Structure formats: structure tokens, C-alpha cells
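Residue numbers (my numbering): 860 to 1074. In this text, a Cβ means the ideal position worked out from N, Cα and C, and glycines have one as well. Bear in mind the structure is a predicted one, so any value in this text is a computation, not a measurement.
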Amino acid sequence: MAELQGSKPTSWWRRFRWLYAARCTLACVVTVVAVVVIVRAVVVMLRPEKLQLKLAGGRVAVDYIPSLPPPGNVVVLTFVLRANNPGGRATIVYANVTVRLTDASALAAKITEFDLPDPIEVAQRTMREASTKVVLEPPEDLPMRYVHALYEGRGVPGAEMELTGILSSHVGVAMATTSVVVTTYYCWPVTIAVGAPDSAADVTCFDKRDAPAHV
């Protein structure tokens, strides 16, 4: 009889320990799941949005050069970038952008380099065009051999446009910044020629991480 009475506390204690262990295990599982969900949400929020860029007509247009040296000793370039933000989470701003044009037929010799005057801001699920007009002073900003080629109507076919700037994502009414990444795009092939852009197809500008080997 004493053995049976003595076994009751022992049996109760075992059941208590099992219940306690089960509750602790369940609490740990719930905590792990919650942490995973929170981490995933933070990663998604901090992940930079993708900005898609295209050079309209694959062309940089040059104002007509009637004589040499150029009138006023300047050469005017005009081009249009088509920027698309396919994401629905954030507004994308591409700022402090430096544009570098290189001659692919001359071992990537630099043609010219300049900064975009304004940032490109694109709201979610929106496409916008950013038109740029740049005034260059040869030979400091543009080597004379390219000025001669443009004056003679030969232009510069097969050039490459490189854009490097700061890509940032902004969410909410307060436009809170969720990511800031230095991003480089390559557009190729690009034609630099006198006259307005024709009906040629746009040229896709690839993110440096996704660019083909030849770009």
C-alpha cells in the first residue's frame, strides 16, 4: 500500500516533466518560425529593387556640325534613357550617375565622360523617360578625332555606354530608404552620330552582374 501511495507523486512528476518539455519544445518551434518570418521580411524589405534601363534607339544624337572647329567650340550630345521599375514595393532613384562612352573598335578608348544633370526617379510599376542634353568642349571633353568623324558624317558606331551611380529604394509615404547600392549598367552597341534618333530598336542596358561577356 505504501508503495502504491509512494508511486503517485512519482507518476505525477513524470507527467509534469513531459508536459513541461512538450510546452518548451512547442515554444521553441514557434519562436524559430517567428524569427524566420521576421528575417525573411527584413531581407525582402532591404533587398534592392531592380531598375531596367534602355537607351532609346541605341543612339546618342549629335547636333549638326557645320564647320571645324565646331561653332562656339562645343559639341552637343542628346540621348534618352527609358527607365522601368517593374516592382510594386518601392520607388527607385538612380542618382549621381556618371556616363562614360568608349570606342569598342579602338580597344575601349574613352570617347567622353560626364555626369547626368538630374537623378532618375521611377515609382513602382512605372516607366519614365529621362532625356539628357550634354555640351562638350573639344578637345578637353571630346578628342578631335571623334569631332572630325562626326563632322564628316561617319559618326562612331559600336560604341559602349557605361553608367555608374547610386541606386536606392524608398518605401512608404515617408519614402524611407531601404537599400543603397552602387550600380553599373552597360549599354551596347551604341551609335554616336549627327542627327535625331531614327526608328532603330532600343538597346538594353545590362546591370554589371548580368552583363554578357562582350559588354
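Leu940 is positioned such that its CB atom lies no closer than 7 angstroms to that of Thr971. In terms of Cβ geometry, Ala920 and Asp1061 do not form a close pair [threshold 7 angstroms]. The beta carbons of Val1040 and Leu1022 sit about 14 angstroms from each other, so the pair does not count as a contact at 8 angstroms.
Pairing Thr961 with Glu1019 gives a Cβ-Cβ distance under 7 angstroms. Taking the Cα positions, Val934 is about 7 angstroms away from Asp922.
Per the C-alpha coordinates, the member of Val1006, Lys913 and Thr1063 positioned closest to Ala989 is Lys913.
In this structure, the alpha-carbon of Asn955 lies about 7 angstroms from that of Asp974.
One thing to note: Thr991 has its Cβ within 7 angstroms of the Cβ of Phe938. Within the DSSP bridge table, the entry for Arg941 names Lys913 and Glu988 as partners. One alpha carbon belongs to Leu927, the other to Arg918, and they sit about 23 angstroms apart. According to DSSP, Tyr953 shares a beta bridge with Ile979 and Leu1026. Looking at the DSSP output, Lys969 bridges to Thr961. DSSP, reduced to helix, strand and coil, places Arg948 outside both helices and strands of the structure shown, so it counts as coil. Note on Thr957: under 16 other CB atoms within 10 angstroms of its CB, so exposed under the neighbour-count rule.
Across the set Ala982, Gly1014, Asp1066 and Ala949, the C-alpha of Ala949 shows the shortest separation from the C-alpha of Ser1028. Inter-residue distance for Val1053 and Gly1017 is about 15 angstroms (C-alpha atoms, whole angstroms).
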